[in-house]
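Trainee: Have a look at this one before I ask anything.
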Amino acid sequence: MNLKNKKYTTTSAPIFRSFGKFILLNFVIALVLTLFQCAKCFLSSEGLVSILPDFGFSFLMSSALSMGGFQVQEFFDKRIPWIKKPVKRLLLTAGSYLIYSFIVSYVLVILYVLVSVEGMTLGKISWWDIIGYTKMPVAIALVIISIFTTRSWLYQWRNSALETEKLKSENLASQYQSLKNQLNPHFLFNSLNALSHLVYESPDKSAAFIQQLSRIYRYVLDVQQEELVAVERELAFAQNFLSLQKIRFDESLEFRLVVDRMEEYFIPPLSLQLLLENAVKHNVASMENPLKIIIERIDDKLIVRNNLQEKLTPEVEERGIGLENIFKRYALLSDQIPKITKSKAEFIVELPLLRLDE
3 MNLKNKKYTT TSAPIFRSFG KFILLNFVIA LVLTLFQCAK CFLSSEGLVS
53 ILPDFGFSFL MSSALSMGGF QVQEFFDKRI PWIKKPVKRL LLTAGSYLIY
103 SFIVSYVLVI LYVLVSVEGM TLGKISWWDI IGYTKMPVAI ALVIISIFTT
153 RSWLYQWRNS ALETEKLKSE NLASQYQSLK NQLNPHFLFN SLNALSHLVY
203 ESPDKSAAFI QQLSRIYRYV LDVQQEELVA VERELAFAQN FLSLQKIRFD
253 ESLEFRLVVD RMEEYFIPPL SLQLLLENAV KHNVASMENP LKIIIERIDD
303 KLIVRNNLQE KLTPEVEERG IGLENIFKRY ALLSDQIPKI TKSKAEFIVE
353 LPLLRLDE
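Numbering (our numbering), first residue to last: 3 to 360.
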């Protein structure tokens, strides 16, 4: 899935969950403004009566500005996401809201003067005084737009981060499943190929091989949907897999598992199968020079080693299968990666043991 083509959720959740909260918020704002204008008026009943018109005006102004700010944010949230065009969004939001605030403030101040001052008419109003009266509402508008803008940006940033993480997880899961899907055909092909040779060499061995293969393939089917499996299950599978190969190679193959209890550790499923399969596939095994495979644990690593007896004309391994497959799956699941050491005598692969709480 291409992250560049993803759609962003741009609509903010309503800031006013109910009409009651809207009224309460603007009531508090109006109360603070009135207190700022005449604190001593709150000390007497006459003072309270005298400031009621101012309180009503402040409440009306605050309600108009806050509702307008919310509507402006909602309008641009649906059209210009913060994530895509932050500068354009900021300029348009701030500009639109300041123009709205000035017009609303101007109109409300004129209405307030006409109502509160006896004999006042439009012709007697000093327009410069009106502009001066709008300074406080515009300052309030700047505070409101700052709050709305910050909230809107944080909301969209959070949604974008969550959607990006979701898409990333889905993409990684898809990649991981694709890698796992490569294993079943690969394993089955190699097993049937080995069986075809064994049928001609020894019919009795081929019957035992088929029985053992059915048990092994049952495990392959069981873990194909798993991201991680317990190491103990993989070791039991490795024991069965090597026993299967023992039927085929007899004394030409020797193996040993030296591990203790490891209930808390996990590895990607069928990792051991790929390593063991590669060891058998790319090395010569004979009674004079048997292939020796050892699986052991050292600290937080599961070590798979075999003596190196490479075939003169090694088979070409398909891309994405084998070691490359293991490396890719570890990269998708953890920051730990396997390590390969090759010398003249040995081929060693170290698989990191993973914990579910890491």
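Think of the CB as a built atom: it goes at the ideal place given N, C-alpha and C, for glycine as much as any other residue.
#1: Let's test the definition: count the other Cβ atoms within 10 Å of the Cβ of Val225 and tell me whether it reaches 16, buried, or not, exposed.
#2: Please go through the same chain and pick out, in chain order, the residues whose beta-carbon is closer than 8 Å to the beta-carbon of Leu37, but skip the five residues on each side of it.
#3: How many angstroms separate the CA atom of Leu335 from the CA atom of Ser204?
#4: Please give the ranges of any beta strand (DSSP E) in the stretch 285-352, keeping only runs that are unbroken, at least 3 residues long and fully inside the region.
#5: Could you check the C-alpha separation between Phe59 and Val117 for me, to the nearest Å?
#6: With a CB to CB cut of under 6 Å and the five nearest residues on each side skipped, what residues in its chain are close to Tyr221?
#7: Need the endpoints of the beta strand (DSSP E) that Arg217 sits in, please.
#8: Verify whether the separation of the beta carbon atoms of Leu325 and Pro270 is less than 8 Å.
#9: For Asp302 versus Pro340, is the C-beta distance shorter than 8 Å?
#10: Curious, which full-length beta strand (DSSP E) runs of at least 3 residues does the stretch 219-263 contain?
#11: Gln213 to Thr343, Cα distance in whole Å?
#12: Rounded to a whole number of angstroms, what is the C-alpha to C-alpha distance between Asp79 and Ala41?
#13: What residue from Val111, Val109, Asp206 and Gln75 has the CA that sits closest to Ser148's CA?
#14: Using DSSP with H/G/I as helix, E/B as strand and the rest coil, what is Ile31?
#15: Could you check where the alpha helix (DSSP H) with Glu48 kicks off and where it finishes?
#16: When the Cα of Val260 is compared with those of Ala209, Val306, Gln39 and Asn195, which residue comes out closest?
#17: Cutting at 7 Å between CB atoms, please list the residues of its own chain near Tyr102, excluding the five before and the five after it.
Mentor: With the given structure in hand:
#1: buried
#2: Phe44
#3: 43 Å
#4: 293-300, 303-309 and 341-344
#5: 11 Å
#6: Phe239
#7: That residue, Arg217, is in no beta strand (DSSP E); its alpha helix (DSSP H) goes Pro205 to Val225.
#8: no
#9: no
#10: 255-260
#11: Cα to Cα, Gln213 sits roughly 35 Å from Thr343.
#12: 39 Å
#13: For the residues Val111, Val109, Asp206 and Gln75, the minimum Cα distance to Ser148 belongs to Gln75.
#14: Helix at Ile31.
#15: Ser47 to Ser52
#16: Val306
#17: Cβ within range, chain order: Gly70 and Val74.
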